[in-house]
Amino acid sequence: MAADLKRSGLFAPIDKGAFIEKISNPDAAPRFEDWKIINAQALVTGRVTQEADGRLKAEFRLWDSFAGQQLTGQQFFTQPENWRRVAHIIADAIYEQITGEKGYFDTRIVYVAESGPKTARKRQLAIMDQDGANARAVTNNNDLVLTPRFSPNKQEITYMSFEGNQPRVYLLQLETGQREVVGNFPGMTFAPRFSPDGQRVIMSLQQEGNANIYTMDLRSRTTTRLTNTAAIDTSPSYSPDGSQVVFESDRGGKQQLYVMSANGGGQNRISFGDGSYSTPVWSPRGDLIAFTKQSGGKFSIGVMKPDGSGERILTTGFHNEGPTWAPNGRVLMFFRQNAGAGGPQLYSIDLTGYNEQLVSTQGFASDPAWSPLLE
Amino acid sequence: MSRIHTPAASRMNTIARNPVMIALFMTLAIAGCASKKNLPNNANDLGLGANAATPGSQQDFTVNVGDRIFFDTDSSSIRADAQSTLARQAQWLAKYPNYQITVEGHADERGTREYNLALGARRAAATKDFLASQGVPGNRMRTISFGKEKPVAVCDDISCWSQNRRAVTVLGGAGM
Chain A
-19 MAADLKRSGL FAPIDKGAFI EKISNPDAAP RFEDWKIINA QALVTGRVTQ
31 EADGRLKAEF RLWDSFAGQQ LTGQQFFTQP ENWRRVAHII ADAIYEQITG
81 EKGYFDTRIV YVAESGPKTA RKRQLAIMDQ DGANARAVTN NNDLVLTPRF
131 SPNKQEITYM SFEGNQPRVY LLQLETGQRE VVGNFPGMTF APRFSPDGQR
181 VIMSLQQEGN ANIYTMDLRS RTTTRLTNTA AIDTSPSYSP DGSQVVFESD
231 RGGKQQLYVM SANGGGQNRI SFGDGSYSTP VWSPRGDLIA FTKQSGGKFS
281 IGVMKPDGSG ERILTTGFHN EGPTWAPNGR VLMFFRQNAG AGGPQLYSID
331 LTGYNEQLVS TQGFASDPAW SPLLE
Chain B
445 MSRIHTPAAS RMNTIARNPV MIALFMTLAI AGCASKKNLP NNANDLGLGA
495 NAATPGSQQD FTVNVGDRIF FDTDSSSIRA DAQSTLARQA QWLAKYPNYQ
545 ITVEGHADER GTREYNLALG ARRAAATKDF LASQGVPGNR MRTISFGKEK
595 PVAVCDDISC WSQNRRAVTV LGGAGM
């Protein structure tokens, strides 16, 4: 819990050595004076015990030391192996109470786990908790797999695989392991994402030198073409209300960001800064679009408003790519590659550009995609 | 569709600069145990054999004809040096008509993943079109793009990236 809150950059846990009051009964009101002296604006008390049936019982209370009152209190029962998840859920409750926004600690990341030398890199899909714990492989074979993305409402991901030397977009049910190809397209399909209602996959189809954007309705299996140019149109991402799509295109020469309506109408360029823009992702709050920007030999992660105004760069370096939003639209994760023979790693950063943090993974990692809040 | 929530947003920006001091005091009566499963770590190594170049063999094609061409940054134009390589490839393929080919398009690492998949495809298509113009029948050729995922050279300078911006003509199917 302390680790979650600290990593968010919005909380500063106080070292236990500084505590004056030693809490003996977490149900009783603390001596607020003792916590005000050490400048603890908020105090969390609680206990974890084991029930007769073996389940854990976790209880907590959140106190406002300066107002001298309890803000919230909850208790949870869970199997012992789920202790981390309960800690994340409590941390989310604390985060929401203090900041007024939904937390994001009880979430997962699907990503590409990379191993081996750069010229013979093995890439597999893996899932972990947002803090890097509980990593597990989702695929384990020699097929190249890229760009996994979570369904907004199911235990399902869409991704690209080179299985059988046929690069195509797939769906994978996480609970059953069941897989299927998305659509029956006459060429490489790539850059998939779900619509906000989870009913469609939007992606690019490559035909000769062009890539155009298509959707497939997962119930009716009908496919719809949204763009029709001789350019590379790719990396589509829906607005959270499903009415618009942001994508990248080099139809004007360099890669730039464009917004269109969800039926393909009204395609307007929104990025006009120096350099080129790619991998746009619409914030779950709807107010911003995150992107990768290439300029002056550097790769940056930035955000702009959906009309292209208010561009802000959050981080810049040799190579930063592929932002993904936490479900509360407050934090971004992306991957960073340094020059030379090493591999990519995952980083998170606050929307303000503060609090950049390495998300530790066992090997190299790229293409992170944040899950929605778990049910 | 874009929600306005100024109070929370401005509060968040304040908190981002001045984190909330918080004390956490949880008594833990149970010892938890976390297990972390290892991710797989067994990469494939690709290697070429070093046999003598029998005429009409893969080795003959690679060594004496040249199996690959290179591109300028963010370009799929067939350069003059590449045109002569592809003309030799077309002559060789005319001489050995039993071979099917796969043209693999690749990009260097200085681009984003999804765009580079399309750029590699565009390079493979341009290469295939040029071979067709040199008389290689379309039904002997297929293309595949690996984007930036399969570099041949690893370094951090321009000379090296140029070796990765390539289209490779592979006899038979696509080599993974």
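Residue numbers (our numbering), protein chains in the order written: chain A, -19 to 355; chain B, 445 to 620.
Note that the Cβ used here is the ideal one computed from N, Cα and C, for glycine as well.
Residue pairing of B/Arg512 in beta bridges, as defined by DSSP: B/Val612. Taking a beta-carbon distance threshold of 8 Å, B/Asn583 does not count as an interface residue toward chain A. Residue pairing for A/Tyr218: DSSP places it in a beta bridge opposite A/Val225. Using a CB distance below 9 Å, the part of the stretch 548 to 566 of chain B facing chain A consists of Glu553, Arg554, Gly555, Thr556, Arg557, Glu558, Tyr559, Leu561, Ala562, Leu563, Ala565 and Arg566, ordered along the chain.
For B/His550, the enclosing beta strand (DSSP E) starts and ends at Ile545 to His550. Under the Cβ criterion of 8 Å, B/Ala460 is counted among the residues facing chain A. With a threshold of 16 other beta carbon atoms within 10 Å, A/Ala20 meets it and is buried.
Under the DSSP definition of a beta bridge, A/Glu160 partners with A/Leu151. Contact annotation: the stretch 105 to 116 of chain A does not touch the stretch 50 to 62 of chain A, with fewer than three C-beta pairs closer than 8 Å.
The bridge partners DSSP lists for B/Trp536 come to none. The three-state reading of DSSP puts B/Gly564 in helix, counting H, G and I together.
Judged by pairs of C-beta atoms under 8 Å, the stretch 572 to 579 of chain B touches the stretch 533 to 547 of chain B, as three or more such pairs exist. Interface flag for B/Ile466 against chain A is set, since a Cβ pair is found closer than 8 Å.
Taken in chain order, the complete alpha helix (DSSP H) segments of 4 or more residues contained in the stretch 573 to 611 of chain B are 602 to 608.
Residues of the stretch 165 to 176 of chain A whose Cβ lies closer than 7 Å to any Cβ of chain B, in chain order: Met168, Phe170 and Ala171.
Think of a sphere of 8 Å around the beta carbon of A/Ser184: the chain B residues whose beta carbon falls inside it are Glu558 and Ala562, in chain order. Note that the stretch 79 to 91 of chain A does not touch the stretch 14 to 29 of chain A; fewer than 3 beta-carbon pairs, one per stretch, sit closer than 8 Å. Here the alpha carbon of A/Ser215 sits roughly 7 Å from the alpha carbon of A/Ser184. Taking C-beta separations shorter than 6 Å and ignoring five residues to either side along the sequence, the partners of A/Pro264 in its chain run Pro220, Trp305, Pro307 and Gly309, following chain order.
Looking only at B/Lys539, B/Tyr540, B/Pro463 and B/Arg455, the smallest Cα-Cα distance to A/Leu(-15) is reached by B/Pro463. Taking A/Arg35 as the centre and dropping the five residues before and after it, the same chain places the C-beta of Phe57, Thr58, Gln59 and Pro60 closer than 8 Å to its C-beta, in chain order.
The criterion of a C-beta distance shorter than 8 Å is not satisfied by A/Asp347 and A/Thr52. Chain-ordered, the chain B residues with CB closer than 8 Å to the CB of A/Val24 read Ile466, Ala467, Leu468, Phe469 and Met470.
With a threshold of 8 Å between beta carbons, A/Asp347 makes contact with chain B. For a Cβ distance threshold of 9 Å, residue set Ala319, Gly320 and Ala321 of chain A lies close to B/Cys599, ordered along the chain. Non-local beta-carbon contacts of A/Ala211 in its own chain, meaning distances under 6 Å to residues more than five positions away in sequence, involve Ser229, Asp230 and Arg231 in chain order.
Taking 8 Å as the cut-off, the Cβ atoms of A/Asn335 and A/Gly112 do not count as close. Listed as beta-bridge partners of A/Ser258 by DSSP are A/Thr272. Nearest to A/Phe344 by C-alpha distance, out of A/Pro324, A/Lys16, A/Lys278 and A/Tyr257, is A/Pro324. Going by DSSP, A/Lys98 is part of no alpha helix (DSSP H) at all; its letter is neither H nor E.
Nearest CB-CB separation between B/Pro541 and chain A: not below the 8 Å threshold.
Scanning A/Glu188, A/Thr195 and A/Asn164 for the CA closest to the CA of A/Gln179 turns up A/Thr195.
Non-local beta-carbon contacts of A/Gly253 in its own chain, meaning distances under 8 Å to residues more than five positions away in sequence, involve Lys273, Ser275 and Glu291 in chain order.
The beta carbons of B/Asp552 and B/Trp605 sit about 4 Å from each other, so the pair counts as a contact at 8 Å. Around the beta carbon of A/Lys98, 16 or more other beta carbons sit within 10 angstroms, so the residue counts as buried. Interface with chain A (8 Å Cβ-Cβ cutoff): B/Ser528 is excluded.
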